[in-house]
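These notes are about the structure you will find just below.
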Amino acid sequence: MKDFYDVWICSKHLDFNAGTLLKAISATFKNRETSVPTREFEALTATFARTHRVQWNAFVRKMGEEELIDGFSKIIEDIKTFAMPRS
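For the sequence shown, this note's numbering gives the first residue as 24, with consecutive numbering after it.
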């Protein structure tokens with residue numbers, strides 16, 4: 024859950040150059056000798072968000088971020104928009 028939180032926070036509070044970010048992602052996949060996914064990641068689906076809602080709520084309570092309770096679906100949508108923008 025922390026990784027989702029961290030990516031979401033970074034996407035909201037840091038400036039990223041889209042071209043540089045895409046090049047870095049492509050280079051990472053190339054280095055691992057794998058293809059950049061063209062389909063939606065399972066972890067960025069509504070089903071994943073529903074399935075992990077309780078775990079997310081426990082995480083944000085522990086972090087003292089009560090305003091994010093029951094917000095995992097929105098967090099996932101925000102991350103998806105950031106990481107996989109529509110062409």
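Glycine included, C-beta positions come from ideal geometry on N, C-alpha and C.
Remember, it's a predicted structure, so these values are computed and weren't measured experimentally.
Can you have a look at residue i and say buried or exposed, based on whether 16 or more other CB atoms are within 10 angstroms of its CB?
{"i": "I99", "result": "buried"}
{"i": "V59", "result": "exposed"}
{"i": "F52", "result": "exposed"}
{"i": "F39", "result": "exposed"}
{"i": "V83", "result": "buried"}
What are the boundary residues of the alpha helix (DSSP H) that residue i is part of?
{"i": "V30", "result": "K25 to H36"}
{"i": "V59", "result": "It is not in any alpha helix (DSSP H) - V59 carries neither H nor E in the DSSP assignment."}
{"i": "N80", "result": "R76 to M86"}
Considering only their Cβ atoms, is the gap separating residue j from residue i smaller than 7 angstroms?
{"i": "F71", "j": "E63", "result": "no"}
{"i": "K103", "j": "L45", "result": "no"}
{"i": "W31", "j": "D93", "result": "no"}
{"i": "F105", "j": "S34", "result": "yes"}
Let me know the secondary structure DSSP gives residue i once reduced to three states.
{"i": "T104", "result": "helix"}
{"i": "D93", "result": "coil"}
{"i": "F39", "result": "coil"}
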